[in-house]
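K.L.:
With positions in the sequence shown counted from 1, the corresponding number in the numbering used here is that position plus 58.
Idealized CB from N, CA, C, for every residue including glycine.
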Amino acid sequence: MVRGRPRNPPRGERSESRPARACPLVGARRTTEPLPFRRASPHRLVWRLVTAPGIVPLADVKHERVSWLWESRLPGGKLVILDGDPGVGKSTLTLDWAARVSTGTPWPDGADCPQGDVLKQDTR
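1) How should residue 138 be labelled, buried or exposed, when 16 other C-beta atoms within 10 angstroms of its C-beta is the threshold for buried?
2) Just checking: is the beta-carbon of residue 127 within a distance shorter than 7 angstroms of some beta-carbon in chain B?
3) Keeping to the same chain, check which residues put their C-beta closer than 6 angstroms to that of residue 100; ignore five residues upstream and five downstream.
4) Quick check on the DSSP output: the beta strand (DSSP E) that includes residue 128 runs from which residue to which?
5) As a quick exercise: from 166, 155 and 146, pick the residue whose alpha carbon is nearest that of residue 133.
6) Determine the direct distance from the alpha carbon of residue 159 to that of residue 177, and round the result to whole angstroms.
7) According to DSSP, what are the bridge partners of residue 133?
8) Can you check which of these residues, 136, 135 and 151, is closest to residue 142 by C-alpha distance?
9) Need the endpoints of the alpha helix (DSSP H) that residue 151 sits in, please.
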């Protein structure tokens, strides 16, 4: 028996001892109340969510021209996240990219690679 550990309320009920809390990652409040909404047009509902600073609706994102290091594959000056199963060669691939950019070696398809500085951050 574990002492001092709060028990979960019965399914479907809220406990007054565990009020709604703010999510630190998104800034939204966890609650059982339905989300508020407003009608934007007769055929569409727009949900108003409580969001953290820095999160904007997709409709407000401005178009920005991308400068490509490797055309349609690797953007220059942008954050690139490479995800995959362990052992498939993600680290080897990023080291190859870094070596090509730092030396100006052409890409595997023969396209020119501008020489430049590289910042590689590896997190697991």
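P.N.:
Let's see:
1) So residue 138 ends up on the exposed side.
2) No chain B appears in the structure shown, which is made up of a single protein chain.
3) Residue placement at residue 100 cannot be trusted, given a pLDDT of 48 that sits under 50; what the coordinates show is reported in the next sentence. Once the five neighbours on either side are set aside, residue 100 has no close Cβ partner at all.
4) First-last of the beta strand (DSSP E) with residue 128: 126-128.
5) Each of 166, 155 and 146 was checked against the Cα of residue 133, and the nearest Cα belongs to 155.
6) Taking the straight line joining both Cα atoms gives about 11 angstroms.
7) Answer by DSSP bridge pairing, in chain order: 126.
8) Per the C-alpha coordinates, the member of 136, 135 and 151 positioned closest to residue 142 is 151.
9) Unbroken alpha helix (DSSP H) run through residue 151: 148-161.
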